[in-house]
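Numbering (the numbering used here), first residue to last: 256 to 920.
Note that beta-carbon positions come from the ideal geometry of N, C-alpha and C, so glycine has one too.
Structure first, commentary second.
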């Protein structure tokens, strides 16, 4: 017998595998059921879609405009042609039902408040009920909390602090948020330009959080107007430090003290507050990985780098709107690295507006005359990696290049100003200078004091900040109740009629980007990106591959005819002998349970080799067309939707397990 030598690494399909296939939801830090609201749009069920989008995210309207969209990077449609326009479709829903909509779906309208009911409190559709969802948090609040001993102080009214306030209020706690600025919003308010995020949208969404009973105290700076000790004396049962990373990092090169050198966040903040800065005619923006983190924090480093790149382009595009005629961006990485980041939309917008980009360069010095900036010198860089595989570009000798400019904006990263923490507070710091917290509970070394967001992980995107707020709220709720808030999960499959599967027509629909303001009208704070009309939104939503639908095989009915292999337009399937499979111990268990002999016996050759055949599938190719199920003569293949729900349950003590899983078939 001529046995092929190729071997196949396979995964066993279980609930975890099915959840991972919904890649958009798995990639979202807040676990938003993106495919759920996208498919609701395709059906014209806009209110349902908004509820799905809003359930885990109190800043759905903001994210519809400025989210870094990790869901789109993970979208399987992107492996075929281009990902679904998930973020823009979220904005479409929020324009209909969000904080900015005339037909606004309120969290608690007056009558609903009296009745103790809100539409978001209703049970959301499957896969939208997660531990972060509004309805689950509200149900947790009905358990009852001693209000006298459950007051929480949150320091910082940015997305992390306000998300935590939102969740804790729903869970039944009395929350007070302290903010150093004269308004809430944090970096979303002060660091994101008006042309990307209108201030009124932010204020409306924050207003909904305050409507839950959250108290806001502005112009209150920690370390000046109050201290951690004074908050304890006021009787707060828990304190969350959720300050943002407002402090710009400075570049250690010659000339940074010259007049005309600005820091990016400081520049953006001044513009947002109405200041008019004279930058001259030509500006250089220095961006890139000015502050690399340890290799063990690779994922955190990538998120921080994405956040920094967004700041680079925000500063560059804002400089154009401040009257500058020419803006140059200098980046020490490659164009490929930049396009692989979550800042690709900002990059495209910058290039569209005429910003000149220089990659593979290293800042060398800022040149000046009479104390004022006149130019900027760079060195070409050569790609190199350190012993841990981290990029470590090195300068090319003799490659100096000078560009004349009237101002230089530094956008190499940010950090939190933690100078307010005193030794008597008993809050320790990590080796990197961040607040030291427990990985699971976010508790600091001081009892009752927690930290989250930028204060412990550096600058983040808005959706990462939202996820951090959720996490902090659950940790504080556990601490105040003295019990563990557990996650109980249920999963099951339901048959899908073949006529409900994506059609071949959907594969022919190209990605459509949202409309943009014409270049000659992009000035001041005019919002650049528009929203889809209804026809465009529904057509774009129909591009979804419905990754929650699974191909289910019944081995008892299969006659090994190969019809499914032949009919598949994407070449997803292979029929292979068992001795060619590689996998973990679950594969061993399944094979022995079905055939009565260990998998190792199939690898010894002989007659037993011909008795076992496996159908394997490449999920990256599948478009859920269902042709395999239609072709199967015995009904061995069915298309079934995977569903899951998460519920919050309180344990008897804080020592109980954090998570239990109960699968429902």
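Asked, Found
"Going by beta carbon distance, what residues of the same chain come within less than 7 angstroms of residue 371, once the five residues before and after it are set aside?", "Here the model assigns residue 371 a pLDDT of 33, short of 50, so the residue's position is not dependable, and the following value carries that caveat. Correct list: empty, nothing qualifies."
"Look at the alpha carbon of residue 513 and the alpha carbon of residue 623, and state the distance between them as a whole number of angstroms.", "7 angstroms"
"Residue 643 and residue 753 look like a contact to me (Cβ under 8 angstroms); what is the Cβ gap, rounded to whole Å?", "Not confirmed; about 50 angstroms, so no contact."
"Mind pulling the beta strand (DSSP E) runs of 3 or more residues that sit fully within the region 828-882?", "828-832 and 868-872"
"Counting only beta-carbon separations shorter than 8 angstroms, does residue 299 have a partner in chain E?", "The structure shown contains no chain E, having only a single protein chain."
"One question on the structure: do residue 708 and residue 413 come within less than 8 angstroms of each other, judged by their Cβ atoms?", "yes"
"Touching or not, the region 270-279 and the region 324-339, by the rule of three or more beta carbon pairs under 8 angstroms?", "yes"
"With a 10 Å radius around its C-beta and 16 neighbouring C-beta atoms as the bar for buried, classify residue 346 as buried or exposed.", "buried"
"Considering only residues of the region 399-467, which uninterrupted alpha helix (DSSP H) runs meet the minimum length of 4 residues and lie entirely inside it, listed in chain order?", "414-425, 442-445 and 454-465"
"Can you check which of these residues, 855, 824 and 815, is closest to residue 834 by C-alpha distance?", "855"
"Could you give the distance in angstroms between the alpha-carbon of residue 887 and the alpha-carbon of residue 306?", "38 angstroms"
"Give me the Cα-Cα distance between residue 540 and residue 663, rounded to the nearest whole angstrom.", "6 angstroms"
"Exposed or buried, which one is residue 652 when buried takes at least 16 other CB atoms within 10 Å?", "exposed"
"Within this structure, are the beta carbons of residue 487 and residue 433 separated by less than 8 angstroms?", "no"
"Could you have a look at residue 900 and say whether DSSP puts it in helix, strand or coil?", "strand"
"Taking just the CA atoms, how far does residue 896 sit from residue 890?", "17 angstroms"
"If you count every other CB in all the chains shown that lies within 10 Å of the CB of residue 684, and 16 or more means buried, which is it?", "exposed"
"If you follow the beta strand (DSSP E) that residue 347 is in, where does it begin and where does it stop?", "Careful: residue 347 lies outside any beta strand (DSSP E), inside the alpha helix (DSSP H) at 341-352."
"Per DSSP, what kind of secondary structure is residue 636 in: helix, strand or coil?", "strand"
"With a 10 Å radius around its C-beta and 16 neighbouring C-beta atoms as the bar for buried, classify residue 365 as buried or exposed.", "Confidence in residue 365 is poor, its pLDDT being 48 and thus under 50, which makes the residue's placement too unreliable to answer from."
"Compute the Euclidean distance between the alpha carbons of residue 746 and residue 800, then round it to the nearest angstrom.", "21 angstroms"
"For the putative contact between residue 740 and residue 903, defined by C-beta atoms under 8 angstroms, what is the C-beta separation to the nearest angstrom?", "6 angstroms"
"Around the Cβ of residue 679, are there at least 16 other Cβ atoms within 10 angstroms (buried) or fewer (exposed)?", "exposed"
"Considering residue 656, what are the terminal residues of the alpha helix (DSSP H) in which it resides?", "Residue 656 -> not in any alpha helix (DSSP H); beta strand (DSSP E) instead, spanning 656-659."
"Suppose you measure from the CA of residue 693 to the CA of residue 672; what does that come to, to the nearest Å?", "20 angstroms"
"Helix, strand or coil, according to DSSP, for residue 697 in the structure here?", "coil"
"If I follow the unbroken alpha helix (DSSP H) through residue 613, where does it start and stop?", "Residue 613 -> not in any alpha helix (DSSP H); beta strand (DSSP E) instead, spanning 611-614."
"Hey, quick one: how far does the beta strand (DSSP E) through residue 744 stretch, first residue to last?", "740-750"
"Would you report the Cα separation of residue 550 and residue 647, rounded to the nearest angstrom?", "Because residue 550 sits at a pLDDT of 35, beneath the cut-off of 50, its placement in the model cannot be relied upon, and the point is left open."
"Once DSSP output is grouped into helix, strand and coil, what is the label at residue 563?", "helix"
"DSSP on residue 795, reduced to helix/strand/coil?", "helix"
"What is the rounded straight-line gap between the Cα of residue 466 and the Cα of residue 319?", "21 angstroms"
"With residue 759 as the anchor, note down where its beta strand (DSSP E) starts and where it stops.", "No beta strand (DSSP E) holds residue 759; the alpha helix (DSSP H) holding it covers 759-762."
"Can you tell me where the alpha helix (DSSP H) holding residue 599 begins and where it ends?", "599-607"
"So, for residue 749: in the same chain, excluding its five sequence neighbours on each side, which residues have a beta-carbon less than 8 angstroms away from its beta-carbon?", "895, 896 and 898"
"Note the first and the last residue of the continuous alpha helix (DSSP H) segment covering residue 735.", "717-736"
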